[in-house]
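Residue numbers (this note's numbering): 7 to 213.
Every residue gets a Cβ at the ideal spot worked out from N, C-alpha and C, and that includes glycine.
Below: the structure, in structure tokens.
If you want it as structure tokens, here you go:
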């Protein structure tokens, strides 16, 4: 009996079944872990965003839960979320755009604060995986580079790019790809916001 059992365990069918069972258990564990960690990750992102909100608004006050409601717009195969900042009377005072752009070593997620005249009040990086000591200078804690976006708009900035490409913004020594990606991402985010506001204005006029 034991000999027959041992021979059966050596068959391809048994080994394949055992491997499938192990893979199934591993997949189930990964799914469970992902479902368990997703709310924690989302909470951390929300906390990080709220911490950066005052910075991208340059200290401007607001009366609503800014990240509680958003509009999503797609431009150049990228998705941007647009949030309206309101005062106590419910009027819009600023807009915040959340976007992402591929950098040198991964996705760079960022927030852009814009006043109702279309002028940037602040840009901050939510998360990234850029090279420490080089690309991580996009973090305000590491470098004031992101403050170069302040006071820029689509109207007053004819060429959005790093100076190496003939543009307005500085690049980092030994790391051009990262700042180039952020400038490109912020530029398209500004275009997405302008398109969204233009569409909303046309819609209001048609009512």
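Check, Outcome
"Buried or exposed by the 16-neighbour rule on C-beta atoms within 10 Å, applied to residue 83", "exposed"
"Rounded C-alpha distance that separates residue 108 from residue 74", "26 Å"
"Inter-residue Cα distance where the pair is residue 3 and residue 137", "The question about residue 3 has no answer here: the residues shown for the chain are numbered 7 through 213."
"Of the residues 35, 38, 52 and 33, the one placed nearest residue 133, counting alpha carbons only", "52"
"Beta-bridge partners of residue 77, as assigned by DSSP", "88"
"Selected residue, minimal CA-CA separation from residue 151, among 162, 159, 168 and 164", "168"
"Residue 34, buried or exposed, once every other Cβ within 10 Å from all chains shown has been counted against 16", "exposed"
"Straight-line gap, residue 175 to residue 166 (C-alpha atoms, nearest Å)", "8 Å"
"For residue 148, the nearest candidate out of 131, 155, 68 and 102 (CA to CA)", "131"
"Which of helix, strand or coil DSSP assigns to residue 58", "helix"
"First through last residue of the beta strand (DSSP E) which encompasses residue 121", "113 to 121"
"For residue 209, the three-state DSSP class (helix, strand or coil)", "Residue placement at residue 209 is poorly supported in this model, since its pLDDT is 39, which falls under 50; the coordinates still yield a value, given next. If DSSP states are grouped into helix, strand and coil, residue 209 belongs with the helices."
"Whole-angstrom C-beta distance between residue 114 and residue 188, which should lie under 8 Å", "6 Å"
"Straight-line Cα distance separating residue 86 from residue 124", "16 Å"
"Per-residue burial, residue 144 [other beta carbons within 10 Å of its own, 16 or more giving buried]", "buried"
"Proximal residues to residue 92 (C-beta, below 7 Å), its chain only, five neighbours per side dropped", "68, 69, 70, 98 and 99"
"Coil, strand or helix - residue 107 by DSSP", "strand"
"Cβ pair residue 141, residue 184 closer than 8 Å", "yes"
"Of the listed residues 81, 57 and 79, nearest to residue 72 (C-alpha basis)", "57"
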